[in-house]
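Visitor: Position in the sequence shown (from 1) plus 345 gives the number in the numbering used here. Using N, Cα and C, we set each Cβ at its ideal position, and we do this for glycine too.
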Amino acid sequence: MAHVSWSRCGGEDCLRVGGIAPDAQVRVRAGTSALAGEFPSMAGRLQRDGDDLCFVPRFAFIDGTTYTVVVDRVAAAVLVRQRPDRAATTEVVDIRPTATEVPRNLLRFYVRFSSPMSDGYAAGHVRLVDDAGAAMVGALLPTEHELWDTDRRRLTVLLDPARIKRGLVAHREIGYPIRPGASFRLVIDEGFCDARGMPLQARAERRYEVGGDLRGRVDPTGWTFAVPSSHSFEPLDIAFERPLDHALLARCLHVFGPDGRTVDGAPAAGPEERSWRFAPATAWAAGSHQLVVDPVLEDVAGNSVSRVFDRDLARAEDEPREARPVALTFVPR
Numbered sequence: 346m347a348h349v350s351w352s353r354c355g356g357e358d359c360l361r362v363g364g365i366a367p368d369a370q371v372r373v374r375a376g377t378s379a380l381a382g383e384f385p386s387m388a389g390r391l392q393r394d395g396d397d398l399c400f401v402p403r404f405a406f407i408d409g410t411t412y413t414v415v416v417d418r419v420a421a422a423v424l425v426r427q428r429p430d431r432a433a434t435t436e437v438v439d440i441r442p443t444a445t446e447v448p449r450n451l452l453r454f455y456v457r458f459s460s461p462m463s464d465g466y467a468a469g470h471v472r473l474v475d476d477a478g479a480a481m482v483g484a485l486l487p488t489e490h491e492l493w494d495t496d497r498r499r500l501t502v503l504l505d506p507a508r509i510k511r512g513l514v515a516h517r518e519i520g521y522p523i524r525p526g527a528s529f530r531l532v533i534d535e536g537f538c539d540a541r542g543m544p545l546q547a548r549a550e551r552r553y554e555v556g557g558d559l560r561g562r563v564d565p566t567g568w569t570f571a572v573p574s575s576h577s578f579e580p581l582d583i584a585f586e587r588p589l590d591h592a593l594l595a596r597c598l599h600v601f602g603p604d605g606r607t608v609d610g611a612p613a614a615g616p617e618e619r620s621w622r623f624a625p626a627t628a629w630a631a632g633s634h635q636l637v638v639d640p641v642l643e644d645v646a647g648n649s650v651s652r653v654f655d656r657d658l659a660r661a662e663d664e665p666r667e668a669r670p671v672a673l674t675f676v677p678r
């Protein structure tokens, strides 16, 4: 008969399973034995430790969560990860977009937390509500695999693309997830646990008004440059003709000096993601510089430099273009 306990293996927390055959199949799922079958097996590795088999999770066990250990397709044990008596310290530090008005065809939000978060619980704690507080059911894309950055501090939340793209059945039958002229809030409940299993310090939310559609490719040639003085540490400021995607802004703009080398510095998105500031690490050299724009850069509706997210097949100008970087020249004064 299998016996299961919390333990340590190789310096890491694990669930230790003993008294099983060497070729036994072991799986671990979140939830009680009655509900565990509704959830996929946890990601992790099985490691032999003497006569025991240890399950070491890819992401840390969550304090206060129930886990079911399944041996050869039979629930062998249900254990609760005890929640220590400690104060909540994690909070939501940023919600993007930051604009008060977003387009009807808005594609995504970003939520940044102050500490690494748990996996598999976003759907139950992140939602859209209307001004009356009613949940906007079906507005967000349900996903089995949450979209986290590598340190699990930034969560990408997608509106349902099938309701945004005009040729798809969901759009024709249900329509856009958000409606022009209406307002709504993105809400993150305080019950969303961090990687230690602790809830957030407080609920967080951001309110938006819904405007018209944002269509067409991103066109860097229409951006406005405020050029710094040469031999100074003044920032380079660039104003966009539309709000751009915050996460892509962080990695899609690159500054090169007269010698063709990358100029080191600190980039930052401006208010409402409509501008970008680059503070150089060294004084600007005299001569021609280039801002190189990666063609994957998108606006908040998912339109990129090379293609339109919701393309109108009748419009020749919406035809995809070759995905090549765009180089914009500027000369410090």
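Measure the Cβ-Cβ separation of ARG530 and ARG551 and say whether it is below 9 Å.
Guide: The residue given as residue 530 occupies position 185 in the sequence shown. The residue given as residue 551 occupies position 206 in the sequence shown. The Cβ-Cβ distance between ARG530 and ARG551 falls below 9 Å.
Visitor: Would you call the CB atoms of GLY605 and PRO625 closer than 9 Å?
Guide: Your numbering for residue 605 matches position 260 in the sequence shown. Your numbering for residue 625 matches position 280 in the sequence shown. Against a cut-off of 9 Å, the Cβ pair of PRO625 and GLY605 comes out as no contact.
Visitor: Taking DSSP as the reference, what is the three-state secondary structure of THR328?
Guide: Nothing can be reported for residue 328, as the shown portion of the chain is limited to 346 through 678.
Visitor: Helix, strand or coil for HIS490? Go by DSSP, reduced to three states.
Guide: Walking along the sequence shown from the start, residue 490 turns up at place 145. In the structure shown, HIS490 sits in coil (DSSP, three-state: anything other than H, G, I, E or B).
Visitor: Given that a residue counts as buried once 16 or more other Cβ atoms are within 10 Å of its Cβ, and exposed if not, what is VAL414?
Guide: Stepping through the sequence shown from its first residue, residue 414 is reached at position 69. Flag for VAL414 reads buried.
Visitor: Could you give the DSSP three-state label for LEU594: helix, strand or coil?
Guide: By one-based count along the sequence shown, residue 594 stands at place 249. DSSP places LEU594 within a helical segment (H, G or I) once states are collapsed to three.
Visitor: Please work out which residues of its chain come closer than 6 Å, Cβ to Cβ, to LEU581, disregarding the five sequence neighbours upstream and downstream, and give them in chain order.
Guide: To locate residue 581, count along the sequence shown from 1; it is residue 236. So the list reads PRO573, PHE623, once near-sequence residues are dropped.
Visitor: The alpha helix (DSSP H) that contains HIS576, what's its start and end?
Guide: In the sequence shown, the residue the question calls residue 576 occupies position 231. Looking at the DSSP string, HIS576 is not in any alpha helix (DSSP H), and its letter there is neither H nor E.
Visitor: Can you tell me whether GLY507 is helix, strand or coil according to DSSP?
Guide: Here residue 507 refers to the residue found at position 162 when the sequence shown is read from its first residue. Position check: residue 507 holds Ala in this sequence, whereas Gly was assumed. Here ALA507 sits in helix by DSSP.
Visitor: In whole angstroms, give me the CA-to-CA distance for GLU436 and GLN370.
Guide: Start at 1 with the first residue of the sequence shown, and residue 436 comes out as number 91. Start at 1 with the first residue of the sequence shown, and residue 370 comes out as number 25. Spanning the two alpha carbons is a distance of roughly 39 Å.
Visitor: Less than 9 Å separating the beta-carbons of GLY542 and GLY409?
Guide: In the sequence shown, counting from the first residue as 1, residue 542 sits at position 197. In the sequence shown, counting from the first residue as 1, residue 409 sits at position 64. Yes. Within cutoff.
Visitor: I believe HIS490 touches GLY536 by the beta-carbon criterion, under 8 Å. Please report the beta-carbon distance rounded to the nearest angstrom.
Guide: Sequence index remark: in the sequence shown, residue 490 carries index 145 (1-based). Sequence index remark: in the sequence shown, residue 536 carries index 191 (1-based). Wrong, their Cβ atoms sit about 21 Å apart, outside the cutoff.
Visitor: Could you give the distance in angstroms between the alpha-carbon of ARG403 and the alpha-carbon of MET387?
Guide: Your numbering for residue 403 matches position 58 in the sequence shown. Your numbering for residue 387 matches position 42 in the sequence shown. Cα to Cα, the separation comes out at about 8 Å.
Visitor: Alpha carbon to alpha carbon, how far is VAL502 from ARG472? Give it in angstroms, no decimals.
Guide: In the sequence shown, counting from the first residue as 1, residue 472 sits at position 127. In the sequence shown, counting from the first residue as 1, residue 502 sits at position 157. If I take the Cα positions, the gap works out to 9 Å.
Visitor: In the DSSP assignment, the alpha helix (DSSP H) including GLY610 goes from what residue to what residue?
Guide: By 1-based counting over the sequence shown, the position of residue 610 is 265. Per DSSP, GLY610 belongs to no alpha helix (DSSP H); it is in the beta strand (DSSP E), 610-614.
Visitor: Quick check on LEU636: buried or exposed, where buried means 16 or more other Cβ atoms within 10 Å of its Cβ?
Guide: The residue labelled residue 636 in the question sits at position 291 within the sequence shown. Its Cβ being crowded by 16 or more others within 10 Å, LEU636 is buried.
Visitor: For the region 640-649 against the region 581-591, do three or more pairs of beta-carbon atoms, one drawn from each stretch, fall closer than 8 Å, so that the two count as touching?
Guide: yes
Visitor: Please give the ranges of any beta strand (DSSP E) in the region 539-573, keeping only runs that are unbroken, at least 3 residues long and fully inside the region.
Guide: For the region 539-573, whole beta strand (DSSP E) runs of length 3 or above, ordered along the chain, are 549-555, 569-571.
Visitor: Pull up the DSSP beta-bridge partners for ASP644, would you.
Guide: The residue given as residue 644 occupies position 299 in the sequence shown. In DSSP, ASP644 forms a bridge with LEU589.
Visitor: Please state the DSSP three-state secondary structure of ALA626.
Guide: Locating residue 626 in the sequence shown gives position 281, where the first residue counts as 1. In the structure shown, ALA626 sits in coil (DSSP, three-state: anything other than H, G, I, E or B).
Visitor: CB-CB under 7 Å to ASP644, same chain, minus the five flanking residues each way: which ones, in chain order?
Guide: Translated into positions along the sequence shown, residue 644 becomes position 299. Excluding residues within five positions, the ones whose Cβ falls inside 7 Å are LEU559, VAL563, ARG587, PRO588, LEU589, ASP590.
Visitor: I need the straight-line Cα distance from ARG353 to ALA405, nearest angstrom please.
Guide: Working through the sequence shown from its first residue, we reach residue 353 at position 8. Working through the sequence shown from its first residue, we reach residue 405 at position 60. Roughly 12 Å separates the two Cα atoms.
Visitor: One question on the structure: do LEU398 and SER350 come within less than 9 Å of each other, judged by their Cβ atoms?
Guide: The sequence position of residue 398 within the sequence shown is 53, counting from 1. The sequence position of residue 350 within the sequence shown is 5, counting from 1. One thing to note: LEU398 has its Cβ no nearer than 9 Å to the Cβ of SER350.
Visitor: With DSSP as the reference, identify every bridge partner of ASP475, one or two as the case may be.
Guide: Taking the sequence shown and counting its residues from 1, the one referred to as residue 475 is at position 130. DSSP lists PHE529 as partners of ASP475.
Visitor: Could you tell me whether the Cβ atoms of LEU485 and PRO522 are closer together than 9 Å?
Guide: Position 140 of the sequence shown, counted from the first residue, corresponds to residue 485. Position 177 of the sequence shown, counted from the first residue, corresponds to residue 522. The answer is yes: Cβ separation under 9 Å.
Visitor: Could you tell me which residues DSSP puts in a beta bridge with ASP397?
Guide: Position 52 of the sequence shown holds residue 397. Bridge partners of ASP397: ASP394.
Visitor: Just to confirm, is the Cβ distance from GLY561 to GLU662 under 9 Å?
Guide: Your numbering for residue 561 matches position 216 in the sequence shown. Your numbering for residue 662 matches position 317 in the sequence shown. Yes, these two residues count as a Cβ contact at 9 Å.
Visitor: Are ILE533 and VAL482 close, meaning C-beta to C-beta below 9 Å?
Guide: One-based indexing of the sequence shown puts residue 533 at position 188. One-based indexing of the sequence shown puts residue 482 at position 137. Result no, Cβ atoms of ILE533 and VAL482 do not sit closer than 9 Å.
Visitor: Going by the CB atoms, is the gap between LEU594 and PRO616 shorter than 9 Å?
Guide: Here residue 616 is taken as the residue at index 271 of the sequence shown, counted from 1. Here residue 594 is taken as the residue at index 249 of the sequence shown, counted from 1. No, these two residues do not count as a Cβ contact at 9 Å.
Visitor: Taking C-alpha atoms, which residue in VAL373, ILE365, GLY355, ARG390 lies nearest to HIS348?
Guide: Sequence index remark: in the sequence shown, residue 348 carries index 3 (1-based). Considering only alpha carbons, the answer is ILE365.
Visitor: Look at the alpha carbon of ILE440 and the alpha carbon of ASP464, and state the distance between them as a whole number of angstroms.
Guide: Taking the sequence shown and counting its residues from 1, one reaches residue 440 at position 95. Taking the sequence shown and counting its residues from 1, one reaches residue 464 at position 119. In a straight line, the C-alpha of ILE440 is about 19 Å away from that of ASP464.
Visitor: Across which residues does DSSP place SER352 in a beta bridge pair?
Guide: Mapped onto the sequence shown, residue 352 falls at position 7. For SER352, which the question treats as bridged, DSSP gives the partners CYS359.
Visitor: Can you name the start and end residues of the beta strand (DSSP E) that ARG372 belongs to?
Guide: Mapped onto the sequence shown, residue 372 falls at position 27. 371-375 is the span of the beta strand (DSSP E), which, as asked, contains ARG372.
Visitor: Note down the Cα distance separating ARG390 from GLN427, rounded to an integer number of angstroms.
Guide: Mapped onto the sequence shown, residue 390 falls at position 45. Mapped onto the sequence shown, residue 427 falls at position 82. Looking at the two C-alpha atoms, the distance is approximately 22 Å.
Visitor: Can you tell me where the alpha helix (DSSP H) with ALA468 in it begins and where it stops?
Guide: As a first step, residue 468 must be located in the sequence shown, where it is residue number 123. Counting along the chain, the alpha helix (DSSP H) containing ALA468 begins and ends at 467-470.
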